Amino acid sequence: MDELLRLLATGEADTTPALAARLHCTPEALAGRLLALAAEGYRPQPDAAGRLSLRPAADSLLPGDILAGLRTRTLGRGEILYATEMDSTNTQLKRAAAERNLPAGSLAVCDRQTAGRGRLQRAWETPEPGTALPCSVLLAPDLPPGQAHLVTLAVAVAAAAAIAETGLSPGIKWPNDVVVGGKKCVGILCEAVATEKGPLIVAGAGFNVRQRTFPETIRHRATSLWLMGAHGADRRALLCAYLSQLERAMAALEAEGLSGILAEYTARSVTLGRRVEVIGATETFLGTAEAIDDTGALWVLDDQNRRRQVWSGDVSVRGVMGYV
Ligand code: BT5
């Protein structure tokens with residue numbers, strides 16, 4: 249990121265003469281650089297003492313504006329890849345991480361995805377520009393071998409906690425759908441990427457923020473924060489809250505394993521205690537969801553009274569996301 253922009257965003261900026269001296273440029277050159285930033289959409293403003301800092305516009309996802317709102321130590325503080333339109337933030341961040349040495353904590357974010365991806369080759373819809381928050385974070389989790397799949401549960405906890413900060417009451421449908429009012433508000437897709445530093449994880453989350461409507465095919469199971477009543481939800485504020493929550497949840501996961509986040513996860517669960525249909529690769533069965541263990545597996549008491557451990561697959565929960 250441009251050094252002037254970084255100084256303005258992190259509140260280290262000063263008066264224009266002091267800034268020019270710090271950046272070793274003339275006041276005229278500094279004025280030109282400030283104009284160029286304004287043309288990109290940034291709004292540097294002086295305080296009473298003439299010290300310049302960024303005043304982010306509402307809902308702006310410009311990298312400098314994101315940096316100005318961060319309260320994290322590492323997440324969001326690597327590179328920030330931003331474009332109004334991307335095919336998929338996961339695809340872009342995976343490619344960049346594989347091609348160059350991106351620091352962990354790097355972020356990809358856009359206003360609109362043209363080829364957003366769900367699990368199992370399904371599509372993730374973010375058609376209207378500026379209403380959704382598709383974002384991906386590069387993580388280097390310090391976890392024992394075989395536990396990387398737990399990251400997705402930490403992402404769900406963090407996304408739900410960030411939404412709770414808007415005043416709504418989100419739930420988590422096992423393993424990683426975040427729902428509000430029984431409809432899906434966030435989809436999560438974590439993928440591994442091979443880098444020079446070894447395997448890292450790209451944690452993608454698509455938040456539905458300001459959509460007023462959804463395509464016919466998903467209307468019965470999708471919602472947005474706006475539709476649930478959070479009319480003031482701001483995508484940049486939500487992103488910054490999410491990154492703080494993700495840093496906290498990942499630290500707890502790394503320190504204590506799943507038990508570090510399990511109480512919070514189960515408190516938000518809309519799956520436990522409910523009738524479920526488990527759609528596996530080889531069979532489908534009905535039962536009641538009873539527990540989530542510290543490996544992240546779901547335990548279901550099936551209708552033949554057998555306790556069954558479910559590792560993956562799709563689980564429909566009665567009353568949630570259009571399943572009746
Ligand atoms: C997911 O898949 O829920 C994971 C979605 C991850 C999206 C993020 S956005 C940032 C990053 N970049 C990407 O390319 N992906 C990640 P799955 O559980 O397979 O759910 C997909 C299904 O959800 C679709 O088949 C639709 O039925 C439904 N769906 C599609 N778009 C939706 C939306 N905007 N809101 C709610 N449901 C949606």
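Using this note's numbering, read the sequence shown as starting at 249 and increasing by one per residue. Glycine included, C-beta positions come from ideal geometry on N, C-alpha and C. Only a predicted model underlies this, so the values are computations on that prediction, with no experimental measurement involved.
Kindly indicate which three-state DSSP category valine 563 falls into: helix, strand or coil? strand
With a floor of 3 residues, list each beta strand (DSSP E) that falls wholly inside the segment 400–454, ordered by position along the chain. 419–421, 425–428, 431–443
Pull the bridge partners of tryptophan 474 from the DSSP assignment, please. Answer is none; tryptophan 474 lacks a bridge partner.
Within 10 angstroms of the Cβ of aspartate 390, are there 16 or more other Cβ atoms? Answer buried if so, exposed if not. exposed
Are the beta-carbon atoms belonging to alanine 215 and glycine 561 less than 8 Å from one another? There is simply no residue 215 to check, as the chain begins at 249 and stops at 572 in what is shown.
Under 8 Å by Cβ, that's how I've got glutamate 525 and serine 564 pegged, so tell me the actual separation to the nearest angstrom. 4 Å
Helix, strand or coil for proline 275? Go by DSSP, reduced to three states. helix
Could you tell me whether the Cβ atoms of arginine 566 and arginine 496 are closer together than 8 Å? no
Would DSSP call aspartate 550 helix, strand or coil? strand
Give a single yes or no on whether glutamate 464 has its beta carbon closer than 7 Å to a heavy atom of the ligand BT5. no
Short of 6 Å in beta carbon distance, which residues of its chain neighbour alanine 408, apart from the five on each side in sequence? Order them along the chain. Pro418, Ile420, Val426, Arg516
Only counting the same chain, and skipping five residues up and downstream in sequence, which positions put a Cβ closer than 6 Å to that of serine 384? Thr337, Asn338, Leu341, Ala356, Val450, Gly452
Please tell me whether isoleucine 328 and proline 304 are closer than 8 Å, where the distance is taken between their beta carbons. no
Name the residue from Thr374, Gly353, Arg483 whose alpha carbon lies nearest to the alpha carbon of arginine 325. Gly353
Have a look at Pro375, Asp307, Gly535 and flag the residue whose alpha-carbon is nearest the alpha-carbon of glutamate 464. Pro375
Contact set for methionine 476: own chain, Cβ-Cβ below 6 Å, skip 5 residues either direction: Leu416, Val428, Gly429
Which residues does DSSP list as the beta-bridge partners of glycine 535? Val524, Asp550
When we look at the beta-carbon of methionine 498 and count the other beta-carbons within 10 Å, is it buried (16 or more) or exposed? buried
DSSP state of proline 292, grouped into three classes? strand
List the residues that DSSP assigns as beta-bridge partners of methionine 334. Gln361
Pick from Pro382, Pro265, Asn456 that is closest to leucine 300, judged by C-alpha positions: Pro265
Going by C-alpha distance, which of Ala410, Thr461, Ala412, His397 is nearest leucine 437? His397
Are there any heavy atoms of the ligand BT5 lying less than 7 Å away from the beta-carbon of serine 417, as far as the coordinates show? no
Does the Cβ-Cβ distance between alanine 380 and valine 434 come in under 8 Å? no
Quick check on this structure: which residue in Leu350, Asp262, Phe462, Ala261 has the alpha carbon closest to the alpha carbon of proline 377? Phe462
According to DSSP, is arginine 236 part of a helix, a strand, or is it coil? Beyond the ends of the chain as shown, which are 249 and 572, falls residue 236; an answer cannot be given.
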